């Protein structure tokens with residue numbers, strides 16, 4: 001049988017009552033040219049290699065590797081990349 005954890009009143013009211021902190025993330029919209037043709041401008045500029053290229057799909061962003069340097073935003077000539085709050 002598993003033992004249950006014991007939490008203090010302080011832990012219950014402070015640690016668990018707080019909403020999770022959302023880290024800003026990069027998002028690639030559906031207007032990305034890679035859906036309709038071939039474009040790798042954001043992937044070429046990313047020094048952390050956080051953008052993963054996929055054939056006939058929009059690229060995906062690895063949130064673990066992304067440092068939010070925003071170089072890919074400047075490299076995208078159709079403004080398909082943005083930051084969420």
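Numbering (UniProt numbering), first residue to last: 1 to 85. Glycine included, each C-beta is placed from N, C-alpha and C at the ideal position. Just so it is clear, the structure is predicted and the values come from calculations on it, not from any experiment.
Beta strand (DSSP E) segments (min. 3 residues) lying fully within the UniProt domain "4Fe-4S ferredoxin-type" (57–85): Listed in chain order, the complete beta strand (DSSP E) runs (minimum 3 residues) inside the UniProt domain "4Fe-4S ferredoxin-type" (57–85) are 81–84.
Cα-Cα separation between residue 34 and residue 82, rounded to whole angstroms: Cα atoms of residue 34 and residue 82: separation of roughly 16 Å, rounded to the nearest angstrom.
Secondary structure of residue 54, DSSP reduced to three states: Taken through DSSP and simplified to helix, strand or coil, residue 54 comes out as coil.
Cβ shell of residue 39 (< 6 Å), same chain only, five flanking positions each side left out: Exclusion of the five residues before and after residue 39 leaves 33 as the residues of its chain whose Cβ lies within less than 6 Å of its Cβ.
According to DSSP, which residues form a beta bridge with residue 25? Beta-bridge partners assigned by DSSP to residue 25: 84.
For residue 23 versus residue 63, is the C-beta spacing smaller than 9 Å? Taking 9 Å as the cut-off, the beta carbon of residue 23 is found closer than this to the beta carbon of residue 63.
Within 9 Å, strictly: CB atoms of residue 80 and residue 58: The beta carbons of residue 80 and residue 58 sit closer together than 9 Å.
Secondary structure at residue 96, three-state DSSP: helix, strand or coil? This structure cannot speak to residue 96, because the chain is shown only from 1 to 85.
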